[in-house]
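Before any comments, here is the structure.
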Amino acid sequence: MSKALTTIQTTCPYCGVGCGISAVVNQTQHTVNIKGDQSHPANAGRLCSKGSALGDTINLEGRLLDPHINSQVVDWDAALSLVANTFLETINKFGPDSVAIYGSGQLLTEDYYVANKLMKGFIGTANMDTNSRLCMSSSVAGHKRAFGSDTVPSCYEDLDLADLIILIGSNTAWCHPVIFQRIRAAKQARPDLKVVVIDPRHTATCDLADLHLPLASGSDAVLFNGLLSFLNTEQALNQDYINTHTEGFTPAIQTAELSAPSIAEVAGQCQLNETDVQYFYDLFKNHKKVMSLYSQGINQSSSGTDKVNAIINCHLATGRIGQPGMGPFSLTGQPNAMGGREVGGLAHQLAAHMDFSIAEDVNRVARFWGSDNIATYPGLPAVELFNAVSAGEIKAIWIMGTNPVVSMPNADLVKRALKQCDFVVVSDCIAQTDTSAFAHVLLPALGWSEKDGTVTNSERRISRQRALFKPAGHAKADWWIISQVAQRMGFNQAFNYNHPYEIFTEHAALSGFENDITHGYRDFDISGLSTLDQNSYENLQPIQWPVNANNPKGTERMFADGHYFTPTGKAQFIAITPRPPVNLPHKNYPLILNTGRLRDQWHTMTRTALSAKLNQHSPEPCVEIHPVDAKNYNLTAGALAELESAWGKMLARVKITDDQTLGNVFIPMHWTTQNASDGRMGALVNPEVDPISKQPESKHTPIRIKSYQAVWQGFILSRAPLGLSDISYQVSSKGDCFYRYELAGQQLPDPWLNTLKDTLNANIAEKSEWQTYQDASLGSYRAAQFIKGRLNAVIFIAADHKLPERSWLSSLFAKVLLEPEARMALLSGLPPKGSHETGKVVCACFNVGEKTIRACIKEKQLKTHQEVGQCLKAGTNCGSCIPEIKALL
Amino acid sequence: MAKLVIIGNGMAGMRTLEEILKSAPNQYDITVFGSEPHGNYNRIMLSSVLSGEKALDEIFINDQAWYDQHNITLYSGASKTVTRIDRQNRKVYTQDGTVADYDRLLISTGSKPVIANVPGNHLAGIISFRDIADVNKMLDYSQHHKNAVVLGGGLLGLEAANGLALRGMRVTVIHNNAVLLNRQMDTAAGTLLQKELESKGLNFKMASQVEQLLGDEKEHIKTIRLTDGSELDCDLLVMAIGVKPNKALAKAAGLYCEQGIIVNDTLQTYDPRVYAVGECIQHRGQTFGLVAPLFEQAKVCANHLTGHGVAQYLTLPTATKLKVTGIQVFSIGNFMGDETSETLQFTDTALGIYKKLVIKANKLIGAVLYGDTQDSYWYQELLEKEQSITPIRDQLIFGKAYV
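Chains as they are written, first to last, in our numbering: chain A, 1 to 889; chain B, 1001 to 1403.
This is how it looks when you write it as structure tokens:
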């Protein structure tokens, strides 16, 4: 190994699993080789496709490198002063509630802490919310109601110990692939381990399921109320536990029996068959060690908090909590959603798991921070916050590391709100996002590979994220940016930070401040870390909170002693009356829209879209729809469809699949205006929220769908990125040595070739050679551009969506020169006879295509995905494509 | 044994003869008359002889021994040119008085080159490109003269021009159309062809007409004046502006002729004992200048002469190929299309490739290929079979391998 290489242990910036990464960094070439960290307890060396491709996202492409004011580059001082002064002026004129920060589960704990401290502690407003509101707040609220604290009781090790794992509203295989791999390994080791998947969709996660319950969208609380009442009838409850450690059982069971009195009734309401419900209930009854993992399918609902408690009720009633191999377990979506919750990053939280609702807490935090201006009441949660921006009540907003113009429900309202807002500050590492388009001030933040601080994963484990490289351009750490603004606002003393360890230890000290028998215990206590010096902070190993005098090495499980953080010390049953989603399908909007993640993309794709590998699995937003619905609405597979809700519209490619239940459609959440002209799902999503958690109901919006009448459809693959205008449908993605543009339009440019030639010729200095094909009466136009014999671009246009596969054409861009046969075959879109086409990418880690796998299976008579892995390596890294490989087998 | 007399020792007549021998070797007592003093040779290979790619003896098909071997009487040479047919008495007479009786007569007198009707067309140094004698003359000129002009940018003209250039002459082609091979190529292909030939050193005067041919004191061609007033130095002028059926003998014998000798679908003339094949005939209004249909006629004609009597000659679209080494050209059918036809088109200018396929009612009706003709046979097949191309339309232009 050369001396230029250093190995740095850090943490993955994607989902909430919080995988440790061992990064082999080459400083001179600014490259990094990413491997799973064998020693990290969260993943023990495993990584998913997204994590594995992190090395593709660290170049400077698209990075925001300088502060900007009104699109002009300025120095930091000018930008920071403008932000500080404008916030001050706004506060002086309109009061502290006229300003807001909207943060992100991507921020490190230290960044988050400083932002929260500035807003709540010193500006004196709690208008500090974050995108965690969109994914975790129902879990937070459910935890608080049941446990008196936002505590995740279990840990990942419990997955290895459980006998029954229930996955509820979670496509774990794609969204938390490393957890899924862990469950798969557990099931392989112990075939008796049962897995139940509860999800309206048949997802890749069902690959592992002994039972899949495709329940009616939004009916989860009925199913779990039914379970509670079934267990009661069967006398399978743990009465001792109920009596000793809980309160509120009687109203809870009465309400459950009222809403879900029998299996027949449950099956009817959930649109399941009775045998399956019975089987599920029997499994739960017969397995003591049961884990209930849940995610956005539960949280993103107008009754999300109730659903969380309906699940927790069943664990409390059976005493299956706090012991190895059992418990409810919320899978967090973001790398530091937990850290954000710990510092109090949500508008209704104060700090360090302390609340506005408790006067002593407010007083305590004010004393700790030395502030006389602390906020005393909760601020506005995300949806209300942007409504307030829209209404002109919030006049200055600072958005950090998130893209609400895409991700918020009713996203078009957010767009309008930001457009008319007096002062919008955006801190981001990416220059052009749908949100940064509205910024008056743009502040360049560090990217993942430059950040230095801590994050907390789903199992309360705090890990260090370490910088691999120097900051790009003039980018700065978020904590530094916020502190600088705070100092310019006059809060010098409280924000005089020079290093993240100072912030972390202050945060740790706050968590332990008056956290004792005298003042009452709080769950979040990392006082054991409050005395770290810089060196021990640098070398901090992954550790699960609480970390305090009693638990100096951290804590695997909470509530082992049956003691909870409620005033009485007992867990609370919550009586749940199931509520349907707010907006139900009706005549005008007859289908239910569900949204979610894809395997190889992250959030709004600002980073994952930089990775050619990751873009190939699903290069376009697709709407997944049941075959009967597709027929009813005249949709053709592979053609385009227009989706419309009462709030907005989008276009997507039609994918017909039995995985969807009748009446339900699914679209991915990722696409933005940066890479899709009409692919923002946020525009459609209803802005309904849970009354307690204020989390939006992103999984259930009534919509209608019709086929999009394009006059032409096509695609361009180009070595250089293109600026294409006046094309109604346009989705771009980056590939290996090329950019891909999927296009459709309602008017073909005439003359088509000259128009497109001009666009492509404008990109390059050299003279281009053109190869063209046209079948004008069929509306088929194709062209290839060469520069000195080297392929530079291909254009394919047809009257409909029946275009050749892109995979072979895409592969040609990696070549220096084309073989003559390939050049002649080019515009057929098919490889010359005798050559080999790989097909759609199945395994993103090793870039193995469907046709390659099919051919290998056939040729070598392969029977298992392991054999496929041996032959092609496919499925042997992150393993998330194994369901697809098995489907091919 | 019945007597068959064949007038004309060219490609059409001799192919018919071969077909007869194949199916009925002993049916006829056969006599062949030919004006050229050789056995039978492949006329279309004359271009290759001119260009030097083939030697003269390589293009002979049948020599005297072959005729002997098959008991065929061959009368060849100018003096054996048939001058009269006596249909009443079923006899033919040659210039030197040779007489032959026939029961069946096959006329395959071929065609004659068209000579431009311009002042000075009688001058020495003006030739056609028709037979071995013409080739020898050109080879002779190329040894001692510099400037050659070819009148006519058709297949034959271009092959002559290419050959003369390869033989070291400075060649200019005068063509009356703006597009070379305008009967076989569309503008795009013609333009590519012209570019490629220019890169081989040929010069072109496109869309030009000759006004006058000017000679020297020895009445030998010296200068060509074009209608635009420009003049070209010229030591040798090759006229390649087309052929017309050589029908004079038949007409004198009272056989019904129009542009050519009229034949029916069995290649029979108005006299049931007399058949005709090749460039001398006119069939359903059409005359012929390329070899492919001649071979088809030979087959049909032989079928009837040997008494099978079932074959029927139908004019099929004829494919074009240009015999200039390194240049691949192909066209067939109605490649210009009309208002109800549809066009598929492929170009790669840098590679010098152009393909156009014309479709009508979901069938291929015409094709032009330039630079890449490897699928020409397949297109011809599709066209002749009138097969629906709908299921393969998307791949059609990329060739058979993609279907």
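In this text, a Cβ means the ideal position worked out from N, Cα and C, and glycines have one as well.
Residue i vs residue j beta-carbon contact at 9 Å
i               : j               : result
residue 697(A)  : residue 653(A)  : no
residue 1123(B) : residue 1219(B) : yes
residue 1308(B) : residue 1297(B) : no
residue 796(A)  : residue 714(A)  : yes
residue 333(A)  : residue 455(A)  : no
residue 149(A)  : residue 130(A)  : no
residue 178(A)  : residue 24(A)   : no
residue 799(A)  : residue 760(A)  : no
residue 645(A)  : residue 686(A)  : yes
residue 1104(B) : residue 1274(B) : yes
residue 187(A)  : residue 211(A)  : no
residue 88(A)   : residue 490(A)  : yes
residue 404(A)  : residue 376(A)  : no
Any chain B beta carbon closer than 9 Å to residue i
i              : result
residue 805(A) : no
residue 777(A) : yes
residue 825(A) : yes
residue 811(A) : no
residue 638(A) : no
residue 833(A) : yes
residue 469(A) : no
residue 830(A) : yes
Alpha-carbon to alpha-carbon, residue j and residue i
i               : j               : result
residue 1128(B) : residue 1115(B) : 8 Å
residue 1356(B) : residue 1336(B) : 9 Å
residue 1158(B) : residue 1118(B) : 21 Å
residue 308(A)  : residue 776(A)  : 58 Å
residue 48(A)   : residue 97(A)   : 42 Å
residue 835(A)  : residue 784(A)  : Any reading at residue 835(A) needs caution, since the residue's pLDDT is 49, under 50, leaving its predicted position unreliable; the model's value is listed next. If I take the Cα positions, the gap works out to 20 Å.
residue 1163(B) : residue 1322(B) : 12 Å
residue 80(A)   : residue 444(A)  : 11 Å
residue 199(A)  : residue 327(A)  : 19 Å
residue 1(A)    : residue 58(A)   : The predicted model places residue 1(A) with a pLDDT of 44, which falls under 50 and marks its position as unreliable, so this point remains unresolved.
residue 285(A)  : residue 275(A)  : 15 Å
residue 1156(B) : residue 1240(B) : 6 Å
residue 1203(B) : residue 1320(B) : 23 Å
residue 1084(B) : residue 1028(B) : 22 Å
residue 268(A)  : residue 225(A)  : 14 Å
9 Å Cβ cutoff, residue i in contact with chain A
i               : result
residue 1346(B) : yes
residue 1367(B) : no
residue 1127(B) : no
residue 1349(B) : yes
residue 1353(B) : yes
residue 1342(B) : yes
residue 1338(B) : no
residue 1186(B) : no
Beta-bridge partners of residue i, as assigned by DSSP
i               : result
residue 1274(B) : 1105(B)
residue 1033(B) : 1007(B) and 1075(B)
residue 742(A)  : 715(A) and 731(A)
residue 1239(B) : 1151(B)
residue 49(A)   : DSSP, once it has assigned bridges, lists no residue as partnering residue 49(A).
For this session: Quick one: which residues of the segment 1377 to 1401 of chain B get their C-beta closer than 9 Å to a C-beta of chain A? List them in chain order.
Result: Per Cβ criterion, the list reads 1393, 1394, 1395, 1396, 1397, 1398, 1399 and 1401.
For this session: Taking only beta carbons into account, state which residues of the segment 756 to 773 of chain A come closer than 8 Å to chain B, listed in chain order.
Result: Correct list: 769, 770, 771, 772 and 773.
For this session: May I ask you to list, following chain order, the residues of the segment 1269 to 1287 of chain B that have a beta carbon less than 8 Å from some beta carbon of chain A?
Result: Correct list: empty, as no residue qualifies.
Exercise. Listed in chain order, which residues of the segment 724 to 753 of chain A have Cβ atoms closer than 9 Å to some Cβ of chain B?
Worked result: Going along the segment 724 to 753 of chain A in chain order, one finds no residue with a Cβ nearer than 9 Å to chain B.
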